[in-house]
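Heads up: the structure comes next, in structure tokens.
2 protein chains.
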Amino acid sequence: MASYQDAANYQHEISLLGSTSALLGWDQETQMPSGAQAYRAEQLGYLTKLQHSMLIDEKHSEQLRSLAEDSSLSEIEQVNIKEWLKTTHRASAIPSELAVELTETSSHAMMAWQAARKENNFAEFSPWLQKTVSLKLREAEAVGWTEHGEPWDALADEFDPGMTAESVSRVFSPLRSELVTLLDELRGAPVQPDTSFLDQTLAVENQKPLVREFLQALGFNFDRGVMAISTHPFCSGFHPNDVRMTTRYDESNFSDAVTSAMHECGHALYEQGLPLDQAGTPAGAYNGLSIHESQSRLWENQVGRSKGFLEWALPQYKSAGLANTELNKAYSALNIAQPSLIRVEADETTYNLHIMVRFELERLMLNGELAVKDLPDAWNQQYRDYLGVTPPDDASGCLQDVHWSMGAMGYFPTYTLGNLYSAQFYASAKKSIGDLESQYAAGDFKPLLQWLRDNIHSKGRQLSPADLCKQVTGEELSADYLLDYLRNKLRPVYGLA
Amino acid sequence: MASYQDAANYQHEISLLGSTSALLGWDQETQMPSGAQAYRAEQLGYLTKLQHSMLIDEKHSEQLRSLAEDSSLSEIEQVNIKEWLKTTHRASAIPSELAVELTETSSHAMMAWQAARKENNFAEFSPWLQKTVSLKLREAEAVGWTEHGEPWDALADEFDPGMTAESVSRVFSPLRSELVTLLDELRGAPVQPDTSFLDQTLAVENQKPLVREFLQALGFNFDRGVMAISTHPFCSGFHPNDVRMTTRYDESNFSDAVTSAMHECGHALYEQGLPLDQAGTPAGAYNGLSIHESQSRLWENQVGRSKGFLEWALPQYKSAGLANTELNKAYSALNIAQPSLIRVEADETTYNLHIMVRFELERLMLNGELAVKDLPDAWNQQYRDYLGVTPPDDASGCLQDVHWSMGAMGYFPTYTLGNLYSAQFYASAKKSIGDLESQYAAGDFKPLLQWLRDNIHSKGRQLSPADLCKQVTGEELSADYLLDYLRNKLRPVYGLA
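For the protein sequence lines, the chains are G and W, in the order given. The first sequence begins at 1 in this note's numbering and counts up one residue at a time. The second sequence begins at 1001 in this note's numbering and counts up one residue at a time.
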């Protein structure tokens, strides 16, 4: 008879390798000298190989299959067995030749993509994207999908358990048409917001203590976490007691340091709030990338762009040396919706339209309904239809993101699902706690954090994201909450009723 | 027939685990949040276990034994096989029960030592030291030593290949009697050096860029290394392209930041200079702790306390805000010899006497010639005899160092052997290059570094430390060079002929 404890010990070792790899990655982005690149790749490659060989061990898989039949296990133990079976299945299903080809192709494709973007030459990237699509299709076929599903689902499931193209479309369709309508409304609005607040400069040395104080107030625990600097802000949790996040500083863009830090802090608060006694097991892990993103967006947007937060923050900006700290101007500047070409520079409203373009096009390519060579035209057409802008070239069009070159297909929607979850969760939190913004104005973020801890963080991966949403909000995920939140905020800013 | 490449690949994986553990250790000392302590111990424990289980693999040992007979291998391949056999032998020789007992005892002993030192109560530590001595004896017996040797040799060999109690005594005996004589001379000298240079304060923010400029000038390559801050300065090399070092800053002790940084930079320059094409193999590794220490001491002392260096450095100190930068005063302050109680605060001359006390006492304990209960009396007697000072209590006597509680016996001499090698190497460098100090005065440290690269760094572990010394200096290690260096420097400072 297989023992749960044996299986758990084995998986714990796999998780130790995983958290060690994550530390190597953290070090690489925050501190590693440039000359160490090749050696770091060797270290990471070896740890990944070790982890993979442990995951595909047939004896362990048998043990898990036998434990899956054991009804005497606790609910949490059953969750873990189910999730471990899922990861071992995925690892075993992908033939090692395919895994090697995927890795090698992505390494070449990333280089080709960089060159293609630089030279604004899609043809240079096109054959590599073509190869990536066919390899990802083979991966999807190896992993499998449900009866009424499609290949995209098999890829997306790795990022967000249970996410399917169908489930994504169900919320994206109404969101898209309503956002397009809202943008039309704003285009003709009587007021166009003043963004001069963002044009101010603030010395980096004055930004740093400010960001630290903000994080402390939000509830980031510096005894169980670290904040550092990196080119691209990110968060990496090795364990609830060891959570690392970064931001970046630019004298002429002080607001970016704060919004980036609040975004990553949202990720970090989630990781610090995962159940300690389940650490290193699926039941104690974050619940997919969409839920993770809901936590970062919630602190960045629902909190960080609110009037209540600004009432508390602006006097501190002033003490740090910012000249213009007028509440209404700051609030308007932080709450605009302005169609643009580049996803990573987009505001919280139009951002979602950028995501939908990517989701729809990658789905079409995987289903064989869009040839890779036709991607630039399809991309530009979608940008015209959804955002009303036309990319002047492919570099600022379909070549702008690294994701596809890395083989990350089925990933983009988690960004917008995060926005949807954040709005829906936030509506529930407000219903339960009451007037959150007056708490922020007094520098009190504890009730919100406690609500998130109780309802989301402490649940780990014990329910699917969809079931968690139902449990927390009483409803399935819907586009309504995000739309209401955006409309209620943007209309007054643009002088609409 | 065993293949060299197979064995090398296997050992390369072991070395990847080793360098990954080193990164975990580096992170722990420089950045890890306090709450992550327990989880980090788990990560490190697992990597150590993996490494150990690979080292004791009987199939691999057989492969190595068969390769040791293969005379068609290159010289470097033969070095690697010999060294790999040595580490696998050591790992296999120590029974796993003993290894576990050693680890557990050291963990308890370190806590008992901390309490005993705090409460100035040797009796609290005594049973743990007793247990440590008997376990280390069992370790020594398991590993073995040569016919005319003794248990101490088996332990010391791990830190300095080939070091024996006999070889250490041979250089320590003349060194001790001559140092005692020199200290007597200085005690009655006409001049007692003015140390007011060291009493100045310098803001930490002004020290930091200074230290960075110094390291840059010495030759530390920031593209292949990192400098950070830690409570206890150290250096850790994961690969010649990824070398990490630390220093520490204190407004009221600016000189400590510089000497610590130059010391660790000496270690770092060695690691950065190891042969790249042998990285991760014994032939490409540092040649034991004594040679490693020779490199740190050489840059800290022979270079950092020289007049030439100060001529270049003092104007920079002045620009950084130091008021008193008079050459002779600075030189005197940095070159005193003053017996004291605490090893880590000792000057470069008396430091060696602290080491000899420890070497002689640990040797006596391991040979059963000194009972652990009699250690405090023996310690105090030796301090009176060698240094002319009497510890007022055990906390500032035999309880001052962590080493024995950690089970590090056979380690202390590497510090003084490092001093001896540094003086002997430096004499050869001067003979070969000429007037080094006028080069330093002009900020030029390249010729010295190149000489060290050519003669020491690039050799890795291809010769034993003793043979390397003969090759580089034409002689066996001797006490004469360190004694000459100290006499020639200290006598003028103390107003002696």
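Idealized CB from N, CA, C, for every residue including glycine. Everything numeric in this text was worked out from a predicted model, so none of it was measured.
Close-in-space but distant-in-sequence residues of the same chain around residue 1375 of chain W (CB under 6 Å, 5 per side omitted) | For residue 1375 of chain W, where only same-chain residues beyond five positions count, the Cβ hits under 6 Å are 1398.
Count the other CB atoms within 10 Å of the CB of residue 139 of chain G; is the residue buried (16 or more) or exposed (fewer)?
-> Counting Cβ neighbours within 10 Å, residue 139 of chain G comes out buried, since at least 16 surround it.
Per DSSP, residue 1236 of chain W is paired with what?
-> In the DSSP assignment, residue 1236 of chain W is bridged to W:1244.
Beta-carbon neighbours of residue 225 of chain G, restricted to chain W and to distances below 7 Å = 1033, listed in chain order.
Mind pulling the chain G residues with CB within less than 7 Å of residue 1241 of chain W?
-> Residue 1241 of chain W reaches chain G at 35, 36 and 39, counting residues in chain order whose Cβ is nearer than 7 Å.
Would the beta-carbon of residue 418 of chain G fall within 8 Å of that of residue 293 of chain G?
-> With respect to residue 293 of chain G, residue 418 of chain G sits close: the two C-beta atoms are nearer than 8 Å.
Spatial neighbours of residue 1437 of chain W in its chain, beta-carbon cut-off 7 Å, leaving aside the 5 residues before and after | Cβ neighbours of residue 1437 of chain W within its own chain (closer than 7 Å, five residues either side excluded): 1306, 1307 and 1308.
Are the CB atoms of residue 1483 of chain W and residue 1185 of chain W nearer to each other than 8 Å?
-> Going by C-beta atoms, residue 1483 of chain W is not nearer than 8 Å to residue 1185 of chain W.
Length of the line joining the Cα atoms of residue 1131 of chain W and residue 1405 of chain W = CA-to-CA, the gap between residue 1131 of chain W and residue 1405 of chain W works out to about 10 Å.
Segment contact flag, the stretch 1339–1347 of chain W with the stretch 1198–1217 of chain W, C-beta cutoff 8 Å, min 3 pairs = Contact annotation: the stretch 1339–1347 of chain W does not touch the stretch 1198–1217 of chain W, with fewer than three C-beta pairs closer than 8 Å.
For residue 301 of chain G versus residue 422 of chain G, is the C-beta spacing smaller than 8 Å?
-> Contact flag set, yes.
Contacts around residue 25 of chain G, its chain only, beta-carbon distance under 8 Å, and the 5 residues preceding and following it disregarded = Correct list, in chain order: 44 and 236.
In terms of residue numbering, what span does the alpha helix (DSSP H) encompassing residue 1018 of chain W cover?
-> Per DSSP, the continuous alpha helix (DSSP H) segment holding residue 1018 of chain W begins and ends at 1004–1030.
State the beta-bridge partners of residue 229 of chain G as determined by DSSP.
-> Looking at the DSSP assignment, residue 229 of chain G forms a beta bridge with G:247.
Would you mind reading off the limits of the alpha helix (DSSP H) that contains residue 1410 of chain W?
-> Element bounds for residue 1410 of chain W: n/a, residue is neither H nor E.
For residue 1435 of chain W, is the beta carbon positioned less than 7 Å from some heavy atom of the ligand PLP?
-> The ligand PLP is absent from the structure shown, which contains no ligand whatsoever.
First and last residue of the uninterrupted alpha helix (DSSP H) at residue 1311 of chain W = Judged by DSSP secondary structure, residue 1311 of chain W falls within the alpha helix (DSSP H) whose first and last residues are 1307–1319.
Mapping DSSP to helix, strand and coil, what is residue 191 of chain G?
-> The answer is coil: DSSP assigns residue 191 of chain G none of H, G, I, E or B.
By the criterion of Cβ-Cβ separation under 7 Å, what are the contact partners of residue 19 of chain G in chain W?
-> Neighbours of residue 19 of chain G in chain W, taken as residues at a C-beta separation under 7 Å, are given in chain order as 1043.
Candidates W:1105, W:1101 and W:1094: closest to residue 1141 of chain W by CA position | For residue 1141 of chain W, the nearest C-alpha among the options comes from W:1094.
Chain W residues whose Cβ lies nearer than 7 Å to that of residue 46 of chain G = Listed along chain W, the residues sitting closer than 7 Å to residue 46 of chain G by beta-carbon distance are 1013 and 1016.
Relative to the C-alpha of residue 157 of chain G, which residue among G:445, G:411, G:439 and G:428 is closest?
-> Residue G:411 holds the alpha-carbon nearest to the alpha-carbon of residue 157 of chain G among G:445, G:411, G:439 and G:428.
So with Cβ pairs under 8 Å, would you call residue 1027 of chain W a contact of chain G?
-> With respect to chain G, the C-beta atom of residue 1027 of chain W has a partner C-beta closer than 8 Å.
Measure from the C-beta of residue 276 of chain G to each C-beta in chain W and report whether the shortest distance is under 8 Å.
-> Not one chain W Cβ lies under 8 Å of residue 276 of chain G.
Among W:1003, W:1012, W:1255 and W:1035, nearest to residue 276 of chain G - alpha-carbon criterion | Minimum Cα distance to residue 276 of chain G is reached at W:1035.
Along chain W, which residues have their Cβ under 8 Å away from the Cβ of residue 540 of chain G?
-> An answer regarding residue 540 of chain G cannot be provided, because it is not within the stretch 1 to 497 covered by chain G.
For residue 1148 of chain W, the three-state DSSP class (helix, strand or coil) | Under the three-state reduction of DSSP, residue 1148 of chain W is assigned to coil, being neither helix nor strand.
Report yes or no: is there a C-beta of chain G within less than 8 Å of the C-beta of residue 1222 of chain W?
-> It does: the Cβ of residue 1222 of chain W has a partner Cβ on chain G nearer than 8 Å.
Rounded to a whole number of angstroms, what is the C-alpha to C-alpha distance between residue 288 of chain G and residue 465 of chain G?
-> Spanning the two alpha carbons is a distance of roughly 7 Å.
Could you name the residues of the same chain whose beta carbon sits closer than 7 Å to that of residue 1019 of chain W, not counting the 5 residues immediately before and after it, in chain order?
-> Correct list, in chain order: 1238 and 1239.
Report the residue from W:1079, W:1491, W:1169 and W:1227 whose alpha carbon sits nearest the alpha carbon of residue 1242 of chain W.
-> Nearest option by C-alpha distance: W:1227.
Alpha carbon to alpha carbon, how far is residue 1076 of chain W from residue 1475 of chain W?
-> C-alpha separation (whole angstroms): 24 Å.
Does the distance from the C-beta atom of residue 1017 of chain W to that of residue 1063 of chain W stay below 8 Å?
-> No, the Cβ-Cβ distance between residue 1017 of chain W and residue 1063 of chain W is not below 8 Å.
Hey, would you say residue 285 of chain G sits closer than 8 Å to residue 460 of chain G, going by beta carbons?
-> Their beta carbons are under 8 Å apart, which means residue 285 of chain G touches residue 460 of chain G by this criterion.
Proximity to residue 1428 of chain W [Cα-Cα], best of W:1451, W:1443, W:1440 and W:1442 | Nearest to residue 1428 of chain W by C-alpha distance, out of W:1451, W:1443, W:1440 and W:1442, is W:1451.
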